[in-house]
Structure formats: structure tokens, C-alpha cells
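Engineer: All residue numbers for the sequence shown refer to numbering that gives the first Met the number 0, where the first residue is 0 and numbers rise by one.
Using N, Cα and C, we set each Cβ at its ideal position, and we do this for glycine too.
Computed from a predicted model, the values in this text were never measured in an experiment.
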Amino acid sequence: MSNNKLFGEEKVGKLLLRFSIPIILSYLISELYNMVDTIFIGREVGASGIAALVLVFPIQRIIVALGTMIAVGTSTAFSRSNGRNDIEGAKKVLRNGFSLSYSIMIALTLIVLIFGNNILMMLGASKTILPLAKEYLFVIIFGSMFVSMTIFISNIMIAVGKGKLSILSTSIGAVLNIIVDYILVTKLGMGVMGAAIATTLSQIAGFIFAYYHYRKIQKHYNIKLGFEIDKKVATSIILVGISAFVIEAEDGILMAVLNNLLASTVGDSGIVVLGVISKVYMFLFISMLGIAAAMQPIAAYNMGAKNYRRLKGVMHETTKFAFMAAILIWVPMMIFAPQLISIFVTDAAVIQESVKAFRIMIAVFPVISMYYVSIYYFQALGKAKTSIMVSILRQIIIMIPISIIMVKGFNLGAMGVWLSYPISDILASLASFMLIRNEGIELNIAVKKQQLEKEKISGHLA
Numbered sequence: 000m001s002n003n004k005l006f007g008e009e010k011v012g013k014l015l016l017r018f019s020i021p022i023i024l025s026y027l028i029s030e031l032y033n034m035v036d037t038i039f040i041g042r043e044v045g046a047s048g049i050a051a052l053v054l055v056f057p058i059q060r061i062i063v064a065l066g067t068m069i070a071v072g073t074s075t076a077f078s079r080s081n082g083r084n085d086i087e088g089a090k091k092v093l094r095n096g097f098s099l100s101y102s103i104m105i106a107l108t109l110i111v112l113i114f115g116n117n118i119l120m121m122l123g124a125s126k127t128i129l130p131l132a133k134e135y136l137f138v139i140i141f142g143s144m145f146v147s148m149t150i151f152i153s154n155i156m157i158a159v160g161k162g163k164l165s166i167l168s169t170s171i172g173a174v175l176n177i178i179v180d181y182i183l184v185t186k187l188g189m190g191v192m193g194a195a196i197a198t199t200l201s202q203i204a205g206f207i208f209a210y211y212h213y214r215k216i217q218k219h220y221n222i223k224l225g226f227e228i229d230k231k232v233a234t235s236i237i238l239v240g241i242s243a244f245v246i247e248a249e250d251g252i253l254m255a256v257l258n259n260l261l262a263s264t265v266g267d268s269g270i271v272v273l274g275v276i277s278k279v280y281m282f283l284f285i286s287m288l289g290i291a292a293a294m295q296p297i298a299a300y301n302m303g304a305k306n307y308r309r310l311k312g313v314m315h316e317t318t319k320f321a322f323m324a325a326i327l328i329w330v331p332m333m334i335f336a337p338q339l340i341s342i343f344v345t346d347a348a349v350i351q352e353s354v355k356a357f358r359i360m361i362a363v364f365p366v367i368s369m370y371y372v373s374i375y376y377f378q379a380l381g382k383a384k385t386s387i388m389v390s391i392l393r394q395i396i397i398m399i400p401i402s403i404i405m406v407k408g409f410n411l412g413a414m415g416v417w418l419s420y421p422i423s424d425i426l427a428s429l430a431s432f433m434l435i436r437n438e439g440i441e442l443n444i445a446v447k448k449q450q451l452e453k454e455k456i457s458g459h460l461a
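#1: Starting from the Cα of ARG17, find the closest Cα among PHE377, VAL349, PRO296, ARG436 and give me that residue.
#2: Tell me, please, whether the segment 352 to 367 touches the segment 322 to 333 by the rule of three or more beta-carbon pairs shorter than 8 Å.
#3: On the three-state DSSP scale, how would you describe LYS215?
#4: Is the segment 219 to 235 close to the segment 173 to 187, with three or more CB pairs under 8 Å?
#5: Run through DSSP, which three-state label would GLY412 get?
#6: Enumerate in chain order the residues of its own chain whose CB-to-CB distance from SER165 is below 7 Å, with the five nearest sequence positions on each side excluded.
#7: Hey, could you find the ends of the alpha helix (DSSP H) ASP36 is sitting in?
#8: By the 10 Å Cβ neighbour count, where 16 or more other Cβ atoms means buried, how is GLY251 classified, buried or exposed?
#9: Counting only runs of 4+ residues fully inside the segment 256 to 341, write out the alpha helix (DSSP H) ranges in chain order.
#10: Which stretch, first to last residue, makes up the alpha helix (DSSP H) that contains PRO227?
#11: Tell me the residue span of the alpha helix (DSSP H) that contains ILE361.
#12: Is it right to say GLU345 is buried, meaning 16 or more other beta carbons lie within 10 angstroms of its own, or is it exposed?
#13: Kindly indicate the opening and closing residues of the alpha helix (DSSP H) around MET68.
#14: Whole angstroms are fine: how far does the CA of LEU129 sit from the CA of VAL53?
#15: Tell me which residue opens and which closes the alpha helix (DSSP H) that ARG393 is part of.
#16: Once you ignore the five residues that flank LEU411 on each side, which residues in its own chain have a CB closer than 8 Å to its CB?
#17: If you measure between the beta carbons of ALA76 and THR149, is that distance less than 9 Å?
#18: Would you kindly work out how many angstroms separate the C-alpha atoms of SER102 and GLY96, rounded to a whole number?
#19: Would you mind sorting SER263 into buried or exposed? The rule is 16 or more other CB atoms within 10 Å of its CB.
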């Protein structure tokens with residue numbers, strides 16, 4: 000059965016299971032990838048090294064966010080074109096997406112190389128942390144191109160039903176990162192510089208593997224190499240993908256704001272705690288984001304095919320699966336928080352504060368599953384404005400103001416930062432529920448119209 004037929008006919012539950020597992024594994028490996036540097040630096044360099052990585056994190060997040068924006072926008076438009084059997088349109092989308100991806104990364108690399116010092120100072124780097132942060136940033140920025148292109152290729156592979164290749168490319172980079180980190184940081188004592196070199200080399204290796212297989216897709220669709228940016232196609236890619244950009248970038252924006260709030264209340268120790276728990280916190284999102292991402296090409300295909308009844312079923316099943324998956328990972332995270340935190344740090348006081356903060360942050364976590372599913376769902380429908388609005392709701396519109404009010408207004412210090420998470424989760428989930436309910440009403444109307452049209456046609460034939 001072809002992938003297109005699968006998207007249109009196979010049971011939704013089976014499809015979500017089939018496509019989400021490779022994505023979840025890919026996300027898991029990716030998070031392990033990101034975590035490795037923190038573990039080695041935390042144990043070999045100490046708190047100052049972790050603080051340096053935390054300060055560079057917002058920049059890394061912007062890099063990933065830009066790559067994800069183009070990747071998601073391209074794969075969604077690609078899936079819709081396939082749903083309409085528009086092969087020429089699908090080819091044009093891929094050419095434009097590929098060109099956009101590497102063009103943006105070249106520009107970003109130049110900006111960081113020229114203004115990196117000023118950017119780090121704006122992010123709150125102190126005189127003691129700045130040299131370490133610069134050391135890390137000015138090496139890993141050269142891997143940005145490869146990160147972006149690997150994300151792009153992985154999303155296209157998932158859209159054509161080859162999610163295993165996405166896992167393999169990430170796995171190659173992750174394994175190499177661990178090996179080189181161990182050699183450079185632990186054995187050779189190269190510290191932050193060693194971790195940066197390990198990350199960049201592993202990103203290049205992952206890209207080489209991914210691109211080798213992407214060439215097969217190019218041959219299949221007869222896509223010639225070269226630079227092409229069509230204003231209309233590029234704009235549609237960016238508009239659909241911009242909500243995915245916000246999802247990734249807002250983590251960095253939020254981290255920058257919270258770093259400054261913590262620095263002004265509890266100092267560097269607060270930044271270290273936030274840096275450690277944020278690494279563990281990201282693992283909670285893996286399952287729900289994987290399921291939501293798996294839903295996206297299925298929903299996009301059925302939207303293109305105007306199969307509205309199935310589209311409604313896709314949303315219902317995805318929400319249910321994402322909520323169940325969130326609970327399954329949330330419970331052990333609550334129970335084993337001390338063991339997870341102690342992977343990064345050995346200081347008993349830091350572990351104690353981190354565990355307390357982490358448990359407050361994730362207190363109502365499962366309710367946020369609908370929020371993230373709704374973002375991917377509106378992306379799949381091509382409703383860019385709605386998707387963007389929902390994307391910025393939780394962390395930008397709700398969490399940042401609440402954290403500032405609780406820290407500065409109510410003088411709650413670090414506790415104000417931790418409490419802003421569950422409050423934002425509840426408010427954002429309620430808003431997304433209302434939007435999805437309204438979308439369901441519109442789909443019911445569309446289904447009824449299609450049914451009436453079918454009845455008219457069958458009446459004429461009779």
C-alpha cells in the first residue's frame with residue numbers, strides 16, 4: 000500500500016503508532032545529543048561550564064528553530080501537494096525549501112561571527128562566564144548549516160514514510176558526539192572547547208548520512224540541484240512553518256528572560272538550576288511532540304484530499320494518544336526526579352533545589368498535550384495565523400509576563416519562575432481546547448455539505 004493510500008485509508012491509531020515511533024526515537028536521540036555536552040561539562044568543568052552552555056542555549060534554539068521552520072513548512076506543503084497528486088508542485092516545494100534552508104543558515108552564521116560577543120552580553124553573560132560561552136559558541140556555529148539541513152531532510156523523509164532514516168542520521172551524530180566528547184573533554188581535558196568540537200563534528204557526520212539518502216528522493220522526483228527561491232512558494236513555506244519556529248525559538252527566548260530574572264534574585268546558582276532541570280524537562284515533550292508530528296502529514300494529506308470526516312477522526316485520536324503518552328512519561332519523571340537531576344550535578348544543595356523546582360514545573364504537565372497537538376494540527380490545515388497565535392500563547396504571551404509579575408511584582412524570587420510553568424500550562428490548554436472545539440464545528444458543517452452533495456449526485460443517477 001502506498002503512503003498516500005495509507006494516509007487516506009489506514010486506521011488512524013495504526014498510522015500514528017507507525018509514524019510516531021521513529022519520530023519519538025529521533026527526538027529522544029536528539030535530546031540525548033543535546034544533553035551529552037551538559038553532562039561532560041558539568042562533571043569535568045563544573046557550574047561555570049554549565050552556565051556557559053545555558054547562555055549559548057537561546058542561540059542554539061534559534062538555529063534549530065529556523066531549520067525546523069523551513070523543514071516543517073516544506074514537508075507540510077509537500078504532503079498537501081501529494082494529496083492533490085500535484086507532482087510538479089511537490090518538486091517545486093522541495094527545491095525552494097532546500098534553497099531557503101541553507102541560505103538562512105549562511106546569513107545566521109555570519110551574524111553570530113560578527114556580533115556574537117554583543118549577543119552573549121545581551122543574554123546576561125558575566126565577565127567570568129563570557130570567555131567560556133564565546134569559546135563554545137564560535138565553534139558550534141559552524142555546525143548550524145549541517146543541523147538545519149539534517150532537520151530539513153529528516154522531515155522530508157518522514158513525509159515520504161522513511162522515518163527510520165531520520166533516526167539513523169541523528170543516531171550517528173549522537174553516538175559520535177558521546178565518543179568524541181569523552182576523548183576531548185574527559186581524556187584530553189579540552190573542556191568547553193572540546194565539547195563544542197565534538198558537537199560540530201557529529202553534526203557534520205549526521206548530515207553526510209542524511210544527504211546521501213536525500214539524493215535518492217531527488218532522483219525519484221527528478222529534482223535538479225541548484226538554487227531556486229520562488230517568492231510565492233517560499234512565503235507559503237515560511238508562513239506554515241513559522242509556528243514551528245516559534246515552538247522551538249520561544250524556549251530560547253523564555254530561557255533568556257528567566258536567566259535574567261534568576262540572576263537578579265538568586266544569582267548564578269539559579270541559572271545552573273534552570274539549566275539542569277531544563278535538560279530533564281525537555282524529555283517530557285518527546286512523546287506528545289512525536290505523536291503530533293506524526294499526525295501532521297496524515298492530516299495535511301486528508302485536508303488536501305478534502306476527506307473531512309477522516310480529518311476529524313485524526314484530530315480526536317491524536318489528542319487521545321498524546322494525553323496518554325504524556326501521563327506515561329510524567330509519572331516516572333515525578334517519582335525519579337532526584338535520580339535524573341543527579342546525572343548532571345553532584346552538589347546535594349543544587350540537587351535538592353532542582354528537584355523541588357522540577358516537580359513544581361511539571362505539576363500539571365499532561366494537560367498541555369492538547370495545546371501542542373493543536374499547533375501541529377493547524378499547521379497541517381495550512382491555517383498559519385491560528386497556528387502562530389497558539390504557538391506564542393503559552394511561553395511568550397502567558398509565561399513570560401506571569402514570571403515577571405511573580406518575581407518582580409510579588410517578590411517570590413526563584414519560586415515565581417517555577418510557579419509560572421503550571422499556571423501557563425493550564426491557561427494555554429484551555430485556550431487550545433476552545434479553538435479545537437470551534438474547528439470541530441466547522442468540520443461537521445463541511446462533512447454535512449459533502450454528504451448532501453453525494454446524496455444529490457446519487458439522486459440524479461437514480
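Structural biologist: Here's the rundown:
#1: Translated into the one-based positions of the sequence shown, residue 17 becomes position 18. Of the candidates PHE377, VAL349, PRO296, ARG436, the one whose C-alpha sits nearest the C-alpha of ARG17 is PRO296.
#2: yes
#3: Counted from its first residue, the sequence shown places residue 215 at position 216. Note: LYS215 maps to helix in three-state DSSP.
#4: no
#5: Along the sequence shown, one-based indexing puts residue 412 at 413. In this structure, GLY412 counts as coil in the three-state DSSP scheme.
#6: Stepping through the sequence shown from its first residue, residue 165 is reached at position 166. Excluding positions up to five away in sequence, the list reads PRO21, SER25, SER153, MET156, ILE157.
#7: Counted from its first residue, the sequence shown places residue 36 at position 37. First-last of the alpha helix (DSSP H) with ASP36: 11 to 43.
#8: On the sequence shown, position 252 is the one that residue 251 refers to. The residue in question, GLY251, is buried, as its Cβ has 16 or more Cβ neighbours within 10 Å.
#9: 267 to 280, 284 to 303, 307 to 334, 336 to 340
#10: Translated into positions along the sequence shown, residue 227 becomes position 228. What sits at residue 227 in the sequence shown is Glu, not Pro. Looking at the DSSP string, GLU227 is not in any alpha helix (DSSP H), and its letter there is neither H nor E.
#11: As a first step, residue 361 is located in the sequence shown; it is residue number 362 there, counting from the start. No alpha helix (DSSP H) holds ILE361; DSSP gives it neither H nor E.
#12: Numbered from its first residue, the sequence shown carries residue 345 at position 346. Checking the displayed sequence, the identity of residue 345 turns out to be Thr instead of Glu. With fewer than 16 other Cβ atoms within 10 Å, it is exposed.
#13: Residue numbering aside, residue 68 sits at position 69 when the sequence shown is read from its first letter. Unbroken alpha helix (DSSP H) run through MET68: 46 to 82.
#14: Mapped onto the sequence shown, residue 53 falls at position 54. Mapped onto the sequence shown, residue 129 falls at position 130. Cα to Cα, VAL53 sits roughly 12 Å from LEU129.
#15: Counting from 1 along the sequence shown, the entry for residue 393 is found at position 394. From DSSP, ARG393 is part of no alpha helix (DSSP H); its letter is neither H nor E.
#16: Locating residue 411 in the sequence shown gives position 412, where the first residue counts as 1. For LEU411, where only same-chain residues beyond five positions count, the Cβ hits under 8 Å are MET405, LEU418.
#17: Looking up residue 76 in the sequence shown gives position 77. Looking up residue 149 in the sequence shown gives position 150. No.
#18: Within the sequence shown, residue 102 is the residue found at index 103, counting from 1. Within the sequence shown, residue 96 is the residue found at index 97, counting from 1. Distance between the alpha carbons of SER102 and GLY96: 10 Å.
#19: As a first step, residue 263 is located in the sequence shown; it is residue number 264 there, counting from the start. So SER263 counts as exposed.
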